[in-house]
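Going line by line, the protein sequences match chains C and X. The first sequence begins at 1 in the working numbering and counts up by one. The second sequence begins at 124 in the working numbering and counts up by one. Heads up, the thing below is written out as structure tokens.
There are 2 protein chains.
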Amino acid sequence: MLIEIDFQSGEAIYMQLRNQIILGIATAVIQEGDVLPSVRQLAEDIGINMHTVNKAYAVLRQEGFVTIDRRKGAVISLDVDKAKALAEMREQLSVILAKGCCKNISRAEVHKLVDDIFKDFQE
Amino acid sequence: MLIEIDFQSGEAIYMQLRNQIILGIATAVIQEGDVLPSVRQLAEDIGINMHTVNKAYAVLRQEGFVTIDRRKGAVISLDVDKAKALAEMREQLSVILAKGCCKNISRAEVHKLVDDIFKDFQE
DNA sequence: ATATCTGTTATATTATTCATATAACAAATG
DNA sequence: CATTTGTTATATGAATAATATAACAGATAT
Chain C
1 MLIEIDFQSG
11 EAIYMQLRNQ
21 IILGIATAVI
31 QEGDVLPSVR
41 QLAEDIGINM
51 HTVNKAYAVL
61 RQEGFVTIDR
71 RKGAVISLDV
81 DKAKALAEMR
91 EQLSVILAKG
101 CCKNISRAEV
111 HKLVDDIFKD
121 FQE
Chain X
124 MLIEIDFQSG
134 EAIYMQLRNQ
144 IILGIATAVI
154 QEGDVLPSVR
164 QLAEDIGINM
174 HTVNKAYAVL
184 RQEGFVTIDR
194 RKGAVISLDV
204 DKAKALAEMR
214 EQLSVILAKG
224 CCKNISRAEV
234 HKLVDDIFKD
244 FQE
């Protein structure tokens, strides 16, 4: 799986890393049971510090995307708390849709965007 | 318009403020042409520093939600760049939907969330 | 067994961001 | 003329982000 970090981005490196791994899971590039590279290995590949990768993995664990197996490393394993996920999504969507609403983006256009993105996930 | 700041939140105060003003515009609590409180006034009302409000207003101006009129202050005036707004929304939605996708939230459930939120805007 | 590789923890340093405080300016208002 | 507007400048303290070394226990491989 290819990781691309934008060092000019205002977004923290560990969050960029987290987001790309989540996108990798959603698009099935990484699947349940797969093992992520070791923190040292991935850090070297990307050219960042070990602790930055470690922080991304810690966030992913805390959010229920991976478990840490001392023998294997970070393993994709989804812990689903759907109610919590829905509540979080609602809050984040509210702000994004509010912004879109002010910019004349219609409900239908949002639906189309959602469909397009979901289609990307299923390829 | 009621502003509520969560000082325990990890989200920056100026961003909480920005988000709530955008939500206010989307729900038509604030309308085009309305004038926001002065930076000093709002800062005092909320109990935060003047510069924090100023930063929120500067972001809102930069994002095309208000214009600054030296006579009136910060006036709601929407500068719509729909293509840009759509591109931004797509990027932000991708991560949020990816996370939801991993948590077994279906396309249909996202659509329902979107509809619910849009309904909130039209009240 | 010995060396290597895992996640994890600890400590320290640097840079950046966030929020604060004080001060001042030009333009507009009353 | 005093007050209020947005705006700018500068400074400080706190928190965060990313880095660098170092060490530990457990697992793996030679």
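Even glycine gets a Cβ: it sits at the ideal position worked out from N, Cα and C. Quick caveat: nothing in here was measured; it's all calculated off a predicted structure.
Legend entry - the stretch 224-233 of chain X contacting the stretch 80-89 of chain C, beta-carbon criterion three pairs below 8 Å: yes
Legend entry - Counted within 10 angstroms of its Cβ, other Cβ atoms place F188/X as buried (16 or more) or exposed: buried
Inset, instruction - Compare the C-alpha of S150/X against each of D120/C, R61/C, E44/C and L97/C and name the closest. - result: Per the sequence presented here, residue 150/X reads as Thr, with Ser not at that position. Measuring from the Cα of T150/X, the nearest candidate turns out to be L97/C.
Inset, instruction - Give me the Cα-Cα distance between K178/X and I171/X, rounded to the nearest whole angstrom. - result: 12 Å
Legend entry - Within 7 Å of chain C by C-beta, residues of the stretch 211-222 of chain X in sequence order: M212, R213, Q215, L216, S217, V218, I219, L220, A221 and K222
Legend entry - Contacts around M50/C, its chain only, beta-carbon distance under 7 Å, and the 5 residues preceding and following it disregarded: V39, R40 and A43
Inset, instruction - Would you tell me roughly how many angstroms separate the C-alpha atoms of E186/X and R71/C, rounded to the nearest one? - result: 48 Å
Inset, instruction - Run the proximity test for R71/C: is its beta-carbon closer than 8 Å to any non-hydrogen atom belonging to the ligand PLP? - result: For the structure depicted, the ligand PLP is absent and the ligand set is empty, with no information on it obtainable.
Inset, instruction - Kindly identify the DSSP beta-bridge partner or partners of A197/X. - result: I191/X
Legend entry - A124/C classed as buried or exposed, judged by whether at least 16 other C-beta atoms fall within 10 angstroms: Given that chain C is displayed from residue 1 to residue 123, the structure contains no residue 124/C and the question cannot be resolved.
Inset, instruction - Between the Cα of I76/C and those of K84/C, L93/C, A58/C and A83/C, spot the shortest distance and give me the residue it belongs to. - result: A58/C
Legend entry - Beta-carbon proximity check, D81/C vs T67/C, cutoff 9 Å: no
Inset, instruction - Compare the Cα-Cα distances from F121/C to each of E4/C, I25/C and I3/C and report the closest residue. - result: I25/C
Legend entry - Three-state secondary structure assigned by DSSP to V110/C: helix
Inset, instruction - Compile a chain-ordered list of the residues in the stretch 32-61 of chain C whose CB is closer than 7 Å to at least one CB of chain X. - result: none
Legend entry - V35/C, DSSP secondary structure in three states: strand
Legend entry - Within chain C, partners of R193/X - CB distance below 7 Å: The contacting residues do not exist; R193/X stays about 24 Å from chain C at best.
Inset, instruction - Work out the CA separation of I169/X and E127/X for me, nearest whole Å. - result: 8 Å
Legend entry - Any chain C beta carbon closer than 9 Å to T190/X: no
Legend entry - For I145/X and K84/C, believed in contact at Cβ under 8 Å, the rounded distance: So it is not a contact: roughly 25 Å between Cβ atoms.
Legend entry - Span separating the alpha-carbon of H111/C from that of V152/X: 25 Å
Legend entry - N177/X in three-state terms, based on DSSP: helix
Inset, instruction - Check F130/X in the structure and name its three-state DSSP category. - result: coil
Legend entry - Coil, strand or helix - D79/C by DSSP: coil
Inset, instruction - Would you check if the distance between the CB atom of L93/C and the CB atom of I240/X is smaller than 9 Å? - result: yes
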